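**Q** First the structure, then my questions, so here it is.
There are 6 protein chains.
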Amino acid sequence: MDEQVRKDYEEYEKQGRIWGNFDKEGIKKIKFERPDRRIIKELIKLDDLTCTISDVLDSMGINGAIPASYISPIIPGKKLVGPAITLRSIPERKTPTQGYLDKDFIRMATRDVYYLAEPGDVFVSDYNGDLEVSNLGGQSCTVAKSCGLIGSVCNGAVRDIPAIMKMDFPVWSCGRTPKTGKFRLAAIEINGPVTLWKVTVLPGDLIVADDSGVCVIPIDKVEQVFEKVKSILAEEANMREMIEKKVPIAELKPHYRKRYK
Amino acid sequence: MDEQVRKDYEEYEKQGRIWGNFDKEGIKKIKFERPDRRIIKELIKLDDLTCTISDVLDSMGINGAIPASYISPIIPGKKLVGPAITLRSIPERKTPTQGYLDKDFIRMATRDVYYLAEPGDVFVSDYNGDLEVSNLGGQSCTVAKSCGLIGSVCNGAVRDIPAIMKMDFPVWSCGRTPKTGKFRLAAIEINGPVTLWKVTVLPGDLIVADDSGVCVIPIDKVEQVFEKVKSILAEEANMREMIEKKVPIAELKPHYRKRYK
Amino acid sequence: MDEQVRKDYEEYEKQGRIWGNFDKEGIKKIKFERPDRRIIKELIKLDDLTCTISDVLDSMGINGAIPASYISPIIPGKKLVGPAITLRSIPERKTPTQGYLDKDFIRMATRDVYYLAEPGDVFVSDYNGDLEVSNLGGQSCTVAKSCGLIGSVCNGAVRDIPAIMKMDFPVWSCGRTPKTGKFRLAAIEINGPVTLWKVTVLPGDLIVADDSGVCVIPIDKVEQVFEKVKSILAEEANMREMIEKKVPIAELKPHYRKRYK
Amino acid sequence: MDEQVRKDYEEYEKQGRIWGNFDKEGIKKIKFERPDRRIIKELIKLDDLTCTISDVLDSMGINGAIPASYISPIIPGKKLVGPAITLRSIPERKTPTQGYLDKDFIRMATRDVYYLAEPGDVFVSDYNGDLEVSNLGGQSCTVAKSCGLIGSVCNGAVRDIPAIMKMDFPVWSCGRTPKTGKFRLAAIEINGPVTLWKVTVLPGDLIVADDSGVCVIPIDKVEQVFEKVKSILAEEANMREMIEKKVPIAELKPHYRKRYK
Amino acid sequence: MDEQVRKDYEEYEKQGRIWGNFDKEGIKKIKFERPDRRIIKELIKLDDLTCTISDVLDSMGINGAIPASYISPIIPGKKLVGPAITLRSIPERKTPTQGYLDKDFIRMATRDVYYLAEPGDVFVSDYNGDLEVSNLGGQSCTVAKSCGLIGSVCNGAVRDIPAIMKMDFPVWSCGRTPKTGKFRLAAIEINGPVTLWKVTVLPGDLIVADDSGVCVIPIDKVEQVFEKVKSILAEEANMREMIEKKVPIAELKPHYRKRYK
Amino acid sequence: MDEQVRKDYEEYEKQGRIWGNFDKEGIKKIKFERPDRRIIKELIKLDDLTCTISDVLDSMGINGAIPASYISPIIPGKKLVGPAITLRSIPERKTPTQGYLDKDFIRMATRDVYYLAEPGDVFVSDYNGDLEVSNLGGQSCTVAKSCGLIGSVCNGAVRDIPAIMKMDFPVWSCGRTPKTGKFRLAAIEINGPVTLWKVTVLPGDLIVADDSGVCVIPIDKVEQVFEKVKSILAEEANMREMIEKKVPIAELKPHYRKRYK
């Protein structure tokens, strides 16, 4: 455990934010930089965010967009913008039946992560894209919400869909299942690097999600991406207006695809 | 044909409940035990049923939960609890075009099953998880409803989605298709053992389904599962309340994961 | 370029309907026969259209139905009937990053197709069933709508899902994504033959789509299919009524499956 | 249990061919018709058998060919022609761990089938195309061989690949695995109808397999198929010779595709 | 039909190289530029060709490598280097049974392509990655070989695997099947652009294939790629020698990854 | 970095076993316990190892077997027994083209792992089961071999298949590809926990692989597994002999399935 993390850990312990079941060596970061809140507030107002951001990431040579074909929203019509806190899990070595029999301690750790989060954070859980085992369910989302988290993106499945719908808590996932992660998966690392589909996420990266999919903006690029998004959207609004007025092709053409030049 | 089934068949024939097109040797059971209706009435009131039941099945070493990643509801937000009646189908040997040409008799048998059902039953149709060929459509659901069936779970595809939506009839399936099963599949067995994804269903088993997926409770375990479900839900409600009040971790912790000990 | 196409091209150019970026050698047809509008108007009134049409195509030995398991609606509950205009695209040879760097000209061509369309047409885009790269997005749909197109079916992914929902523009696709087709795909042929899942579409074919999937009726069969659809639906309505009245099996049976004889 | 099967069962019991663990109600047939051995002997001499037979089945409107893309040989270069004996299995209700704990009786039944077989038979095992759980392994193949079986085709996985290779016993399967079927699958029916990929197999059907895949010839069509195969092969040999001599197109063309006219 | 193609067509017709069944409008090119034979001869001598070329394409921002995970060799251990001639096919509109009944003309066209080829060419066939329907079989390969073709790469399945093995003709494909393409697919374009997995191929492009997969080098880049390949291989041989001698890390390191700087 | 690891690192640095490019914080272990070599020597002599070990793991409630359906051998007929050393990689944030342009440092680390290995170790590389990007190739295997490694198992793809074949170095993988991992994946952790398909591997675990798949034996269970393997094999040899002699069922039956009681 890194010296800084150890100090943060002690501080959080005093604040009652440490559950204490998760092996502290697996916590990679507790306090870390997050993107400017002002930018987050501006971004969440915009429409078709993931597409615009995907275009900007393309222009920067960054691999950061995830199709909803692979990770899709539980509640259609939601959008989400916030910094990532991360959890990585691996399969348990015992079968679930053996785990039950041995009364093993459960090794899921969503609660442990939530208590380390800041309001406005997005929980990113990586269990390898598995479609069968749940990463989190309704009660976990209740805790998440109570800790100020605003949503979740899972590289894996989730459960308690009716509860999640009822709570109106925005979750993106690879699949849906009734099967608990208890005795099936073991949390192994908090706030380390994880993967969503084929995209890397580090804690503090800005997660943007809507019905088209999910984008991951590396924290050091958030400012630059935001500037580009603004200029694109202005141009697009202008363009849309021209289309709706049905101006002739000759007039439309110079605007069309302008940003790619 | 078993002696008991033969007698039941004659009785049902007199009652006008035998269509008579399906080879009677393929009927494995007509009358069979069903779970206690009182339990069904209690279960259907509960929320996030499949997840709670999946946990109970886990604790009993039973393989009975099916992710919505594989078999999902046509109408979101529905729940379903009822005993299974089953139908297994296999591919026709002729191509559909050849079947048409030869004016073959159609070998689907959903109607034959519905007329053998009791009110409150759930129709479980197994066609191997095929995503292309329909097991049932709107008209079949109209018949099902008229016979008192309350829903259907298909290890395969279904069609007439708009009609099913309009009827508000709860159906879970692997896929959606316009392609009829006529001249594509042949019903082979009524009320024999079938498979949903990787889970076995016997007639009389209790089917529980919602947006997270489907659970199959073997009939001889229904009582035991029900008792466990009740105790879990009481504890969970208590827990949720504590979370919402944001009581300190020290207070929450002894409750959390209690049931697994 | 065919002589007739060349003449049509010049005519459309004068009318301001040629964008002029797409290589004209790739345009296979400009003016072409479309199905009788009267039939389209009758068909769109009917329910569960794709299933009925799939049955008729089966009876004619035509391979024309596509399960919603593979190509599904972005907006549930929509239906669509109209002649196809087509676009085929292939992967760009450069990576998107290299394309950006070289400031290559974008080679998507949805706009070029829309301006060649007639009101009531359906845009059919074929990019090989790819789940990652977008064939069209919100702005493209805005143009489509302004040109009188009534919907789109993509053998590939689409983006700007929130915008498409908001516009209420009916689109069927294999997937959803934030990733643009710009610098990823190159339009190669307009109004040539394309593939949707495992079904061929020619320009002018009648596209019918709903929540069960998509059907493609070859233009020279539209009349014949329509006649058969009408007779089936009359019989089915009659049948549904009998089921709802719960008439005895003996009375139902002669009607049931009548059309297959 | 059918009267005939009961008599056959008693006869086989006296001959020491009944293991006695498998529920006799699940045995659908013991003695049944098999294709003419003379035809089998002729067919096995031929090359590229599955392709020629697939063509003949196409010409008869029969759905009987299975791509090696889905069910492929464990040992490349083998060919197999023989009548099917069948076994269908479904998932166990308990998890494997629970089954072990409860010292449940194992419910696999390959041995039970082998002892009912005739020399020259092909064992067809259906476990739903599962890629993870073994239907049979090396020891099972040793028993099969000792009973005169000549090969096996599995709609599922097999294990002990090195032993199967060493024994040089021809097996086709969907996958390979170390995981036993014991406590995972339960045999449910012997010599009933089963499915290989999307093709139905009945006991006595002629199974033909090679590196291109597997064909299933319904027993009542074997004679007819054989006659057609012979005439095709004669023509093809003739054609191949002309190609090798590079005779002009004008001379080749009338032969080419002749059989389809 | 382009003027140049028309002239070439007449010339080839006189040479007896036109089968005449394929619609001539679908032929995009007859004579076209091919890569320098000297380069081909050098390349075929090298080992692990696709990997080295994939690295060079990466360095040029070209999307040209196809994993053997998707398109793999029928005969392991083969390598192939030659210019592409291409064929694109789409699904037949009729079912195969209907096609047989109507005695339709077969619309496959591999022979038509082979007769337009030059010795040393590689046949590239695109049928959308379908795993079930054959693009070519043993007899087609016999014709190919007699026309001087040296191998084939199919975005789809092939058949007559035993014959292909016996002829020792190198073929790469997505799958293996006994099912003919006759009455299933229709050839639509010769020597137009096609797709292999997610990579575009134009006629004349250099195809390179081995057990790791397939690479497509755009014809105008062949020279440049070749120069880079040579310099990499020299360095790698040097490196391998150092590894085998186990020289210390300090000595190895400056060489390692040198080419990426 | 853990204190013990820091010390080991310094020691290995002096021995010239540290490449020095990989961030040392990502090294979780350098020296760690390995299974008894005597057991390894005994195990490698046995046949059908993965199947027998899978049975033993089943009997212990351990989830440790991986079907060859998912991770299969590059060279058929090989077997492998040795302790795991592990590497986990995640996707690069930049596209490969951008990485080249920026002349980024390569972040693969197979060499770094090999130099930390002991003779007889098995390299286990986890890149999420990706089928497109290579984890290692021929040159990497040359280094591995020179460091005494005896084989490799990849949760991902590998390349330079011809070189691997020629070296006769045993590798198991999910796929084959020409595409380098350079600029595509970044090594993130050495000798931490990784996943193979759905099974966890820790450094020092015993990896056993053959044509049926791969098994992972947790290091603390190796002794116990070995004892059970021995007793099973003795019984099986006995059984096989009885089968070959065709002793009557009555005699066979008490032996059959004995171990499961």
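Residue numbers (my numbering), protein chains in the order written: chain E, 1 to 261; chain R, 262 to 522; chain X, 523 to 783; chain F, 784 to 1044; chain Y, 1045 to 1305; chain D, 1306 to 1566. Even glycine gets a Cβ: it sits at the ideal position worked out from N, Cα and C. As the structure is a prediction and not an experimental result, all values here were calculated from the model.
(1) Out of 1554(D), 1546(D), 1496(D), point me to the one whose CA is closest to residue 1332(D)'s CA.
(2) Listing by chain order, which chain Y residues have their CB less than 9 angstroms from the CB of residue 1031(F)?
(3) Please check if any C-beta of chain Y sits within less than 9 angstroms of the C-beta of residue 438(R).
(4) Counting only Cβ pairs nearer than 8 angstroms, list the residues of chain R close to residue 1142(Y).
(5) Tell me residue 587(X)'s beta-bridge partners as DSSP assigns them.
(6) Secondary structure at residue 755(X), three-state DSSP: helix, strand or coil?
(7) What residue ranges within the segment 1057-1094 of chain Y form continuous alpha helix (DSSP H) runs of no fewer than 4 residues, ordered along the chain?
(8) Can we say the segment 168-177 of chain E touches the segment 290-302 of chain R, given the rule of at least three CB pairs closer than 8 angstroms?
(9) Please list the partners that residue 151(E) has in chain X, where partner means a Cβ-to-Cβ separation under 9 angstroms.
(10) Using a Cβ cut-off of 9 angstroms (strictly closer), state whether residue 101(E) contacts chain F.
(11) Of all the residues that make up the segment 1229-1254 of chain Y, which are near chain X by a beta-carbon distance shorter than 7 angstroms?
(12) In or out: residue 915(F) buried (at least 16 other Cβ within 10 Å) or exposed?
(13) Sort 1416(D), 1518(D), 1445(D) by Cα distance to residue 1323(D) and report the nearest one.
(14) Relative to the C-alpha of residue 1356(D), which residue among 890(F), 962(F), 923(F), 790(F) is closest?
(15) So, helix, strand or coil for residue 1401(D), using DSSP?
(16) Just list the beta strand (DSSP E) runs in the segment 168-205 of chain E, keeping only unbroken ones of 3 residues or longer that don't cross its boundaries, in chain order.
(17) Under the rule that 16 or more other beta-carbon atoms within 10 Å means buried, what is residue 1289(Y), buried or exposed?
(18) Kindly list, in the order they appear in chain D, the residues whose Cβ is closer than 8 angstroms to that of residue 926(F).
(19) What whole-angstrom Cβ distance do residue 433(R) and residue 460(R) have, given they're in contact under 8 angstroms?
(20) Is the shortest distance between the beta-carbon of residue 873(F) and the beta-carbons of chain R less than 9 angstroms?
(21) Quick check on DSSP: helix, strand or coil for residue 1456(D)?
(22) Going by DSSP, which residues form a beta bridge with residue 347(R)?
(23) Would residue 650(X) count as contacting chain Y if we go by Cβ distances under 9 angstroms?
(24) Using the beta-carbon of each residue, which ones in chain E are nearer than 8 angstroms to residue 1368(D)?
(25) In this structure, what does DSSP give as the bridge partners for residue 468(R)?
(26) Could you tell me whether the Cβ atoms of residue 608(X) and residue 740(X) are closer together than 9 angstroms?
(27) How would you label residue 278(E), buried or exposed, when you count the other beta carbons within 10 angstroms and need 16 or more for buried?
(28) Looking at chain X, is there any beta carbon in it that lies within less than 9 angstroms of the beta carbon of residue 115(E)?
(29) Check the C-beta distance from residue 126(E) over to residue 195(E) and give it rounded, since I have them as a contact under 8 angstroms.
(30) Going by DSSP in three states, residue 769(X) sits in which element: helix, strand or coil?
(31) Hey, how far is the Cα of residue 923(F) from the Cα of residue 1365(D)?
(32) Can you confirm whether residue 1317(D), when its beta carbon is compared against all beta carbons of chain F, has any partner nearer than 9 angstroms?
(33) Count the other C-beta atoms from every protein chain shown that fall within 10 angstroms of the C-beta of residue 670(X), then say buried if there are 16 or more, exposed otherwise.
(34) Report the rounded CA-to-CA distance for residue 567(X) versus residue 731(X), giving the unit in angstroms.
(35) Roughly how many whole angstroms lie between the Cα atoms of residue 383(R) and residue 233(E)?
(36) Return the chain-ordered list of same chain residues with a C-beta closer than 7 angstroms to the C-beta of residue 211(E), the five sequence neighbours on each side being excluded.
**A** Answer, in terms of the structure:
(1) 1496(D)
(2) 1060
(3) no
(4) 358
(5) 737(X)
(6) helix
(7) 1081-1089
(8) no
(9) Result: empty, since nearest Cβ-Cβ is about 16 angstroms, beyond 9 angstroms.
(10) yes
(11) 1232, 1237, 1239, 1242, 1243, 1244
(12) buried
(13) 1416(D)
(14) 962(F)
(15) helix
(16) 171-173, 185-190, 194-196, 199-201
(17) exposed
(18) 1548
(19) With 8 angstroms as the limit, residue 433(R) and residue 460(R) do not qualify as a contact, their Cβ atoms being about 13 angstroms apart.
(20) yes
(21) strand
(22) 385(R)
(23) yes
(24) 91, 92, 93, 94, 95
(25) 343(R), 477(R)
(26) no
(27) The question about residue 278(E) has no answer here: the residues shown for chain E are numbered 1 through 261.
(28) no
(29) 6 angstroms
(30) coil
(31) 24 angstroms
(32) no
(33) exposed
(34) 13 angstroms
(35) 51 angstroms
(36) 68, 73, 76, 77
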